[in-house]
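Per the working numbering, residue 136 is the first one in the sequence shown, and the count goes up by one each step. Just so you know, even glycine gets a beta-carbon here, dropped at the ideal spot from N, CA and C. In this text the structure is predicted, and so the values were computed from the model without any measurement. Down below is the structure, laid out as structure tokens.
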Amino acid sequence: MKISKLFISFFNLKITEFVPKKEYSLDNNDIVIYTVYLPNFKDIQADLSKFLNSAELSKTKRFYKEVDRNRFIIYRSILKLVLGAYTKLNVKNIYLDYDFNKKPYLASHPWLHFNLSHSEDFAAIAVSRRKVGLDIEYMSKDFNFTSLLPDVFDDNETTIIQRSTDKKNTFYTLWTRKEAFVKALGKGIDEDFKFIPCLDGEYSVDFSLIKNSQDWQVKSFDLADDYLGAIALEGLATISKNILMYNVPNNMKDLLEMAQKRGS
């Protein structure tokens, strides 16, 4: 029987100063998270849209709400800028491929793993040489999650949420952990989602559940007021020492410098 080790915990992740003049490279254990506060990019949205290809521009027209259309332009453009920095590709020539679960990847650079998540006013992008999954969520004050509990959590997890002094925070903490892990696996939300571990601790996970035999870790972190995040990483818990988080600059000068940098 194939068993994977899974380590779940909270990680005190702090924002590191962004230095656009640095070289963009990744060691085997490096994980970098780029955070994007979307409203700050509204004034340069038109400039960012120039990095989108015709298919992406067509996709923007399918959003019913203007705010969703604008958010997509911003976070997709910045994703391509980040990928361009690490791959040496011309940003306009970056085309995302998708696996059978619609997880994006770059066929030209299979060594570069990345994942994007967005919720309300924030987006975040994780890049690594290891498989990675990222989920961020806005902790909505109006969202009634009670009815979801039996479908997405086992009895023990449901009890912990119900007994928590901060039920909303506990719900989103556990939800983002499950979501980040299944995104890293490329598995998506399916009938097994309920049985994905999400409480603090170390687990032995059967291959039949996750269809994967690697060891994993899932780390929760605070993103901003009313926002929580979780990142799932392939590998042992010691790798978490190599996680960095940057705020993406909201000016074209620094963003263009990012696009022009050529790391190894």
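For Arg312, the number of other beta carbons within 10 angstroms of its own is at least 16, and it is reported as buried. Note on Arg298: under 16 other CB atoms within 10 angstroms of its CB, so exposed under the neighbour-count rule. Note: Gly364 is bridge-paired with Ile271 and Phe356 in the DSSP secondary-structure output. Rounded to whole angstroms, the separation of the alpha carbons of Val226 and Phe146 is 32 angstroms. Between Lys322 and Lys346 the beta-carbon gap is near 7 angstroms, inside 8 angstroms, which marks them as a contact. Gln395 counts as exposed, since fewer than 16 other C-beta atoms from the protein chains shown sit within 10 angstroms of its C-beta. The segment 315-330 and the segment 265-280 touch, with no fewer than 3 CB-CB distances between them shorter than 8 angstroms. Contiguous beta strand (DSSP E) elements confined to the segment 160-235 occur at 166-172, taking only those with 3 or more residues. Of the residues assessed, Glu314 falls on the buried side of the cut-off, its CB having 16 or more other CB atoms within 10 angstroms. Boundaries around Ala261 are those of the beta strand (DSSP E), Phe257 to Ser263, since no alpha helix (DSSP H) includes it. If you look at Phe316, you'll find it in the alpha helix (DSSP H) that goes Lys302 to Leu320.
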